[in-house]
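S.K.:
2 protein chains.
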Amino acid sequence: MEDEVDRLVAAWRRERPDLDVEPLEVLSRVSRLARHLDRARRLAFSEHSLEPWEFDVLTALRRAGSPYQLSPGQLLTQTLVTSGTMTNRIDRLAKKGLVERLPDPSDRRGVLVRLTDEGRDRADQSLAGLLDQERAILSELSSAQRGELAALLRQLTAPFDNIPG
Amino acid sequence: MEDEVDRLVAAWRRERPDLDVEPLEVLSRVSRLARHLDRARRLAFSEHSLEPWEFDVLTALRRAGSPYQLSPGQLLTQTLVTSGTMTNRIDRLAKKGLVERLPDPSDRRGVLVRLTDEGRDRADQSLAGLLDQERAILSELSSAQRGELAALLRQLTAPFDNIPG
DNA sequence: ATGGAGTCTCTTGACGTCGAGATAGCTGAG
DNA sequence: CTCAGCTATCTCGACGTCAAGAGACTCCAT
Numbered sequence: 005m006e007d008e009v010d011r012l013v014a015a016w017r018r019e020r021p022d023l024d025v026e027p028l029e030v031l032s033r034v035s036r037l038a039r040h041l042d043r044a045r046r047l048a049f050s051e052h053s054l055e056p057w058e059f060d061v062l063t064a065l066r067r068a069g070s071p072y073q074l075s076p077g078q079l080l081t082q083t084l085v086t087s088g089t090m091t092n093r094i095d096r097l098a099k100k101g102l103v104e105r106l107p108d109p110s111d112r113r114g115v116l117v118r119l120t121d122e123g124r125d126r127a128d129q130s131l132a133g134l135l136d137q138e139r140a141i142l143s144e145l146s147s148a149q150r151g152e153l154a155a156l157l158r159q160l161t162a163p164f165d166n167i168p169g
Numbered sequence: 005m006e007d008e009v010d011r012l013v014a015a016w017r018r019e020r021p022d023l024d025v026e027p028l029e030v031l032s033r034v035s036r037l038a039r040h041l042d043r044a045r046r047l048a049f050s051e052h053s054l055e056p057w058e059f060d061v062l063t064a065l066r067r068a069g070s071p072y073q074l075s076p077g078q079l080l081t082q083t084l085v086t087s088g089t090m091t092n093r094i095d096r097l098a099k100k101g102l103v104e105r106l107p108d109p110s111d112r113r114g115v116l117v118r119l120t121d122e123g124r125d126r127a128d129q130s131l132a133g134l135l136d137q138e139r140a141i142l143s144e145l146s147s148a149q150r151g152e153l154a155a156l157l158r159q160l161t162a163p164f165d166n167i168p169g
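Top line first, the protein sequences correspond to chains L and C. Each residue of the first sequence is one higher than the one before, starting from 5 at the first, in the working numbering. Each residue of the second sequence is one higher than the one before, starting from 5 at the first, in the working numbering.
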């Protein structure tokens, strides 16, 4: 089945036959798919009245395991936003009672963000919903194909995630 | 090589062994990679003093071929933004002299957005730069692997691009 | 000890996006 | 021919993000 990127690549080959646009076959699909996923997630989370950005922060803390706390800096590398954005997110989540800020006992510059009980429940509930939705999207592929796809993507993300980025 | 998603999945398996988190192996990588690509593109375009959103609009028009014009509605489906956003983008690009708005002769509700000569040059210049950058990122993969990856991604994007979405 | 480089978090202002609704024009069934 | 419903674009206010930089603290070489 054809997708929008097939049309886009065909258009470039017509307009700029001098250029090699093969990279777009992969990377434009990644960007567009991410955009579609954002929209789908926004819908899925709205049932739990959660925004995607709230989900990202709450689940990062949830994954950390008891006592469910991380520094803002650790949250940055997991969520790929800037520090100003994270300060703002923590402020808003704290105002809603889903996280709380504690002083870091071992570094007086630092802060620890801890999930409240309610925050933890919200994270657990919405994760299950998200996984259902994602399974539906991935049902286009066989189990083997999903494995291949994950492995290929890992090769592209690893350099970003390991070299500082 | 391990990436951040490997760590994320391992953490979930430890914290929520009852859940099947396999979908994250694919879709979290897609979202994170898209985010890394955004940052990389922002950097690449800053050499041409272009923002990614400007690139998206200008190249959509460039691809359309002479006379390089599309309706705002056609630009929406290519760029995956809302109509309010597109109006705003066109305003700003028009103010910079990179596009101009013309009345649609066949529908008085409608408008056509046309690339100016300068807009066309900027699109052509920045596309070449982007392709170089993307080729570097994709050099992690063999040509055959890039082909596989593109095909697998197409299977996931096609439903979004064809069923209205 | 101490000074300077480095690190961590927060502040600020500009910017871009979204969602909902308004407006104007098209279209087809009756 | 007409009017109800549809489509295309724009308006507007709320919101979230970013980049740059400030302030507080730590760490290491001297």
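Virtual Cβ for every residue (Gly too), placed ideally from N, Cα, C.
Given this structure, state the Cα-to-Cα distance separating K3/C from D7/L, to the nearest angstrom.
M.R.: With chain C covering only 5 through 169, there is no way to say anything about residue 3/C.
S.K.: Along the stretch 72-102 of chain L, where does the CB come closer than 8 Å to a CB of chain C? Name the residues.
M.R.: Correct list: T81, Q82 and L84.
S.K.: Mind the definition here: the stretch 130-138 of chain L touches the stretch 71-78 of chain L only if three or more C-beta pairs lie below 8 Å; say whether that holds.
M.R.: No: the two stretches stay apart, fewer than three of their Cβ pairs being nearer than 8 Å.
S.K.: Considering only the beta carbon of each residue, do G123/C and L62/C sit closer than 8 Å?
M.R.: The sequence position of residue 123/C within the second sequence is 119, counting from 1. The sequence position of residue 62/C within the second sequence is 58, counting from 1. Their beta carbons are under 8 Å apart, which means G123/C touches L62/C by this criterion.
S.K.: Any C-beta of chain L sitting closer than 8 Å to the C-beta of F164/C?
M.R.: Locating residue 164/C in the second sequence gives position 160, counting from the first residue. Taking Cβ atoms only, chain L reaches closer than 8 Å to F164/C, which makes this a yes.
S.K.: Closer than 8 Å, CB to CB, is H40/C near chain L or not?
M.R.: To locate residue 40/C, count along the second sequence from 1; it is residue 36. H40/C counts as touching chain L.
S.K.: Pull up the CB-CB distance for V13/C and L28/C, whole angstroms please, since I reckon it's below 8 Å.
M.R.: Taking the first residue of the second sequence as position 1, residue 13/C is located at position 9. Taking the first residue of the second sequence as position 1, residue 28/C is located at position 24. Correct: roughly 6 Å between the Cβ atoms.
S.K.: Find the residues of chain L that neighbour V1/C, judging by a C-beta separation of less than 9 Å, and give them in chain order.
M.R.: Nothing can be reported for residue 1/C, as the shown portion of chain C is limited to 5 through 169.
S.K.: For R18/C, count the other beta carbons within 10 Å of its own beta carbon; 16 or more makes it buried, fewer makes it exposed. Which is it?
M.R.: Position 14 of the second sequence, counted from the first residue, corresponds to residue 18/C. So R18/C ends up on the exposed side.
S.K.: Please name the residue in E144/L, V117/L, L23/L and R33/L whose C-alpha comes closest to that of G69/L.
M.R.: Along the first sequence, one-based indexing puts residue 69/L at 65. It is V117/L whose Cα lies nearest to the Cα of G69/L.
S.K.: Under 7 Å Cβ-Cβ, which residues of chain L neighbour W16/C?
M.R.: Taking the second sequence and counting its residues from 1, the one referred to as residue 16/C is at position 12. In chain order: R67.
S.K.: In three-state terms, what does DSSP make of E104/C?
M.R.: Looking up residue 104/C in the second sequence gives position 100. Reduced to three states, the DSSP call for E104/C is strand.
S.K.: Excluding sequence positions up to five away, which residues of its chain have a Cβ less than 7 Å from the Cβ of R46/L?
M.R.: Indexing the first sequence from 1 puts residue 46/L at position 42. Here the set comprises P56.
S.K.: What number of angstroms, rounded off, separates the C-alpha of F59/L from the C-alpha of D121/C?
M.R.: The sequence position of residue 59/L within the first sequence is 55, counting from 1. The sequence position of residue 121/C within the second sequence is 117, counting from 1. Straight-line Cα distance between these residues: approximately 45 Å.
S.K.: Out of T83/L, N92/L, A162/L and L145/L, point me to the one whose CA is closest to T161/C's CA.
M.R.: To locate residue 161/C, count along the second sequence from 1; it is residue 157. The residue with the shortest Cα to Cα distance from T161/C is L145/L.
S.K.: V34/L and L135/C: beta carbons closer than 8 Å?
M.R.: Taking the first residue of the first sequence as position 1, residue 34/L is located at position 30. Taking the first residue of the second sequence as position 1, residue 135/C is located at position 131. The answer is no: Cβ separation not under 8 Å.
S.K.: Taking DSSP's pairing of strands, which residues face V178/C in a bridge?
M.R.: For chain C, the structure presents residues 5 to 169; residue 178/C sits outside this window and is missing.
S.K.: Once you ignore the five residues that flank F49/L on each side, which residues in its own chain have a CB closer than 7 Å to its CB?
M.R.: Within the first sequence, the letter at position 45 stands for residue 49/L. These residues qualify, in order along the chain: E55, P56, F59 and S130.
S.K.: In its own chain, which residues sit with a C-beta less than 7 Å from the C-beta of L142/L, not counting the 5 before and 5 after it?
M.R.: Along the first sequence, one-based indexing puts residue 142/L at 138. Excluding sequence neighbours, L142/L sits near R150.
S.K.: Beta carbon of L156/C, beta carbon of L153/L: below 8 Å?
M.R.: Taking the first residue of the second sequence as position 1, residue 156/C is located at position 152. Taking the first residue of the first sequence as position 1, residue 153/L is located at position 149. For L156/C and L153/L, yes; Cβs fall inside 8 Å.
S.K.: Going along chain C, which residues have a C-beta under 8 Å from A132/L?
M.R.: Reading the first sequence from its first residue, position 128 is the one you call residue 132/L. Going along chain C in sequence order, the residues near A132/L (Cβ under 8 Å) are L23.
S.K.: So, with DSSP's three-state summary, where would you put V85/L?
M.R.: Within the first sequence, the letter at position 81 stands for residue 85/L. If DSSP states are grouped into helix, strand and coil, V85/L belongs with coil.
S.K.: May I have the straight-line CA-CA distance separating R96/C from V9/L, to the nearest angstrom?
M.R.: Locating residue 96/C in the second sequence gives position 92, counting from the first residue. Locating residue 9/L in the first sequence gives position 5, counting from the first residue. If I take the Cα positions, the gap works out to 26 Å.
S.K.: Does the CB of E144/C have a neighbour CB from chain L at under 8 Å?
M.R.: Here residue 144/C corresponds to residue number 140 of the second sequence, with the count starting at 1. Yes - at least one Cβ of chain L is within 8 Å of the one on E144/C.
S.K.: Does the beta-carbon of A38/C have 16 or more other beta-carbons within 10 angstroms, so that it is buried, or is it exposed?
M.R.: Residue numbering aside, residue 38/C sits at position 34 when the second sequence is read from its first letter. Buried is the call here.
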